[in-house]
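My numbering applies: residue 26 is where the sequence shown begins, and numbers increase by one. Beta carbons: idealized from backbone N, C-alpha and C, even for Gly. Encoded as structure tokens, the structure appears first; notes follow it.
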Amino acid sequence: MTQTQLIARLLVAASLTTASAFAFAQQEAAMASAAKTSAPTNDAAITTKVKSTLADHKEIAVTTNDGVVVLTGTVANADAGSKAIQLASAVPGVKEVKSELTVAK
Numbered sequence: 026m027t028q029t030q031l032i033a034r035l036l037v038a039a040s041l042t043t044a045s046a047f048a049f050a051q052q053e054a055a056m057a058s059a060a061k062t063s064a065p066t067n068d069a070a071i072t073t074k075v076k077s078t079l080a081d082h083k084e085i086a087v088t089t090n091d092g093v094v095v096l097t098g099t100v101a102n103a104d105a106g107s108k109a110i111q112l113a114s115a116v117p118g119v120k121e122v123k124s125e126l127t128v129a130k
């Protein structure tokens with residue numbers, strides 16, 4: 026085997042190793058990203074998570090259908106209602122939040 030052939034084979038081996046390592050790193054990054062953003066996949070899990078997020082708002086009832094969360098109940102003021110909607114919207118898996126909240130008089 027000539028020195029030129031040896032160098033060519035080493036370059037091919039190095040290229041294959043680099044490509045393999047790059048593909049592995051991309052796959053690992055994708056899996057890590059998916060793990061971080063994993064969302065509840067069913068309505069019961071979403072409802073549980075929203076209720077947990079709104080634990081300080083016992084007056085608000087939560088139902089979920091196909092990822093659409095409905096908040097019902099009476100809140101002290103409009104700011105409390107807005108905050109509840111924001112908190113529910115931030116829960117992974119929530120597609121939409123519908124508010125049927127009323128403000129106490």
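Exercise for review: Go through the segment 48–127 residue by residue and report every complete run of the alpha helix (DSSP H) that reaches 4 residues or more, in order.
Suggested key: 68–78, 103–114
Check your understanding: Apart from the five residues just before and just after V122, which ones in its own chain have a Cβ nearer than 6 Å to its Cβ?
Key -> V94, I110, A113, S114
Exercise for review: Specify the secondary structure class of T29 as computed by DSSP and reduced to three states.
Suggested key: In the structure shown, T29 sits in a helix (DSSP, three-state: H, G or I).
Review point. If you count every other CB in all the chains shown that lies within 10 Å of the CB of V128, and 16 or more means buried, which is it?
Key: V128 comes out exposed.
Point to revise | Closest residue to T89 among L79, T73, I32, E53 (Cα-Cα distance) | key: Out of L79, T73, I32, E53, T73 has the C-alpha closest to the C-alpha of T89.
Check your understanding: Given a threshold of 16 other Cβ atoms within 10 Å of its Cβ, counted over all protein chains shown, does L126 qualify as buried or as exposed?
Key -> That one is buried.
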